[in-house]
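Below: the structure, in structure tokens.
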């Protein structure tokens with residue numbers, strides 16, 4: 094065998110690892126492109142499920158709960174009572190029409206509150222909640238938080254505020270296995286989401302911090318107090334008109 098052939102073999106061996114590394118460098122680019130396509134497509138396509146729904150269903154089966162059922166029916170925002178979206182905003186994210194996915198004022202207030210001790214307060218916007226509930230897994234990690242930020246930026250870039258709120262109202266959990274305002278209205282009051290009263294809308298929004306712990310159908314003192322507060326906040330924000338220019 095000549096020295097030329099040996100040199101070619103050595104060069105091929107050295108080039109192989111470099112080629113593998115170059116392919117690996119393309120992986121983040123491909124994943125980023127896929128996430129952009131996901132978000133753009135879901136601006137126009139109503140998601141039939143969210144990762145939270147799938148995760149919860151798998152969790153129930155893992156615990157041997159074979160009778161567990163998911164209740165979910167999509168409704169466009171204009172097929173819901175006007176009191177429902179403003180109640181969600183009043184309860185969860187009052188600066189929703191004004192921020193770009195991250196409410197810096199709320200983050201600062203939550204940081205000051207938590208530094209004083211007591212019950213921990215969060216500052217997740219509706220956009221952030223859509224990002225993590227629709228696309229991401231349960232749990233806490235720096236990777237998950239980073240992806241939440243990325244998906245929030247994509248959602249705010251490619252979706253109008255109306256679409257963000259519409260998806261949120263359809264994937265939020267209002268009871269154990271009950272996702273979206275339509276399923277909640279049917280399960281709790283045997284009516285469509287379009288027929289929800291302001292009081293019922295406020296009660297749905299009131300249970301969102303812990304929908305498996307609190308009941309909108311049979312509200313205890315905490316839920317009732319919070320629902321009353323949500324109704325007052327919704328009126329102070331200007332009712333449904335607060336969301337018309339989003």
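In the working numbering, the protein residues as written are 94 to 339. By construction, the Cβ of each residue, glycine as well, lies at the ideal position given by its N, Cα and C atoms.
For the set 120, 194, 136, the Cα lying nearest the Cα of residue 251 is the one of 136. Its chain contains 216 as the residues whose beta carbon lies nearer than 8 Å to that of residue 200, once the 5 sequence neighbours on both sides are disregarded; these appear in chain order. Going by C-alpha positions, residue 150 is about 7 Å away from residue 163. Residue 326 and residue 332 have their C-alpha atoms spaced approximately 9 Å apart. For residue 195, no alpha helix (DSSP H) segment is defined, and its DSSP state is neither H nor E. Fewer than three beta-carbon pairs drawn from the stretch 280 to 292 and the stretch 240 to 258 are found closer than 8 Å, and the two stretches are therefore not classed as touching.
A direct Cα-Cα distance of roughly 45 Å separates residue 176 from residue 120. Inter-segment contact for the stretch 309 to 316 and the stretch 185 to 199 is absent: fewer than three beta-carbon pairs are separated by less than 8 Å. Residue 195 holds the alpha-carbon nearest to the alpha-carbon of residue 238 among 275, 265, 195. For residue 313, there is no enclosing beta strand (DSSP E), as DSSP marks it with neither H nor E. A straight line joining the alpha-carbon of residue 186 with that of residue 218 spans about 6 Å. Annotation: the continuous alpha helix (DSSP H) that includes residue 251 extends over 235 to 251. Within the same chain, Cβ atoms closer than 6 Å to the Cβ of residue 188 are found at 196, the five residues on either side in sequence being excluded.
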